[in-house]
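Visitor: Protein chains in written order, with my numbering: chain A, 3 to 105; chain B, 6 to 151.
Following this message is one structure expressed as structure tokens.
Dropping the structure here:
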């Protein structure tokens, strides 16, 4: 699978500011195909896990009201060189993860 | 096995398995709260109570007017021991939107959400075992540029 996660992590006074974007359709299940009127089945990310240096620091549960290509930003303690990893799991069992080191 | 191959395998595994979703996490997905049609129903599912005291230590920032498909919401909790942050959009067919469980002292999270209509957004913060909430008005408009 192509890379779906982009992460940027930067230290600022002992805090790591992380910004990330995940490529995902985030279908709510309410949208219809215009021509046929058939509903597009739901397809959305349910869980996101954030780790720093291989230890989980945040666990996120998402519903269908998260925008397409979800954006996620947060601050966590840490310093330059730490690794920040983000992984996601959707309602169809697809998943992906990515890791960066803090700049 | 060559050391290099082993290292590579180890790294691949760290990514593949080190970050796997533990069982407890899977059990933790609050599907009932996500299905709730009413804010109070979702709150009851999540916390066992819909009666939560308001606090201005929670800062919420959204654009003055945003597209219903994409509204960025920034949340900062002023509590030292913030354990979790929940986002609830009252105008959505299923109001409960996002839940952030924090395992370390953290104060800031931000994401982009869908908001069906202008109305109010509710953020619930659990800190040191106590629940706090704050309401924030949101306005949805037609923005051609988005």
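Backbone N, C-alpha and C define an ideal beta-carbon position, used for all residues, glycine too.
Since this is a predicted model, take the numbers as computed values, not measurements.
Once you ignore the five residues that flank residue 8(A) on each side, which residues in its own chain have a CB closer than 7 Å to its CB?
Guide: Closer than 7 Å at the Cβ level, and outside the excluded window around residue 8(A), lie 22 and 23.
Visitor: With hydrogens ignored, establish whether the beta-carbon of residue 94(B) is closer than 7 Å to any heavy atom of the ligand FAD.
Guide: Among the components modelled here there is no ligand, and therefore nothing to report on the ligand FAD.
Visitor: Which bits of chain A does residue 123(B) rub up against, with CB to CB less than 7 Å?
Guide: Going along chain A, no residue has its Cβ under 7 Å from residue 123(B), so there is no contact; the nearest lies around 15 Å.
Visitor: Residue 144(B) to residue 76(B), Cα distance in whole Å?
Guide: When rounded, the distance between both Cα atoms is 10 Å.
Visitor: In the DSSP assignment, find the alpha helix (DSSP H) that holds residue 37(B) and state where it starts and stops.
Guide: Residue 37(B) -> alpha helix (DSSP H) spans 36-40.
Visitor: Under 9 Å, CB to CB, which of the residues in the region 53-68 of chain A have a partner in chain B?
Guide: Within the region 53-68 of chain A, the residues whose Cβ lies closer than 9 Å to some Cβ of chain B are 53, 54, 56, 57, 58, 59, 60, 61, 62, 63, 64, 65, 66, 67 and 68, listed in chain order.
Visitor: Count the other CB atoms, across all protein chains shown, that sit within 10 Å of the CB of residue 48(A); report buried if there are 16 or more and exposed otherwise.
Guide: When all chains shown are included, residue 48(A) counts as buried.
Visitor: Please confirm whether residue 91(B) and residue 120(B) have their CB atoms less than 8 Å apart.
Guide: Cβ atoms of residue 91(B) and residue 120(B): not closer than 8 Å.
Visitor: Out of curiosity, what's the CA-to-CA distance linking residue 28(A) and residue 73(A)?
Guide: About 12 Å.
Visitor: How far does the beta strand (DSSP E) with residue 49(A) in it reach, from first residue to last?
Guide: Residues 47-54.
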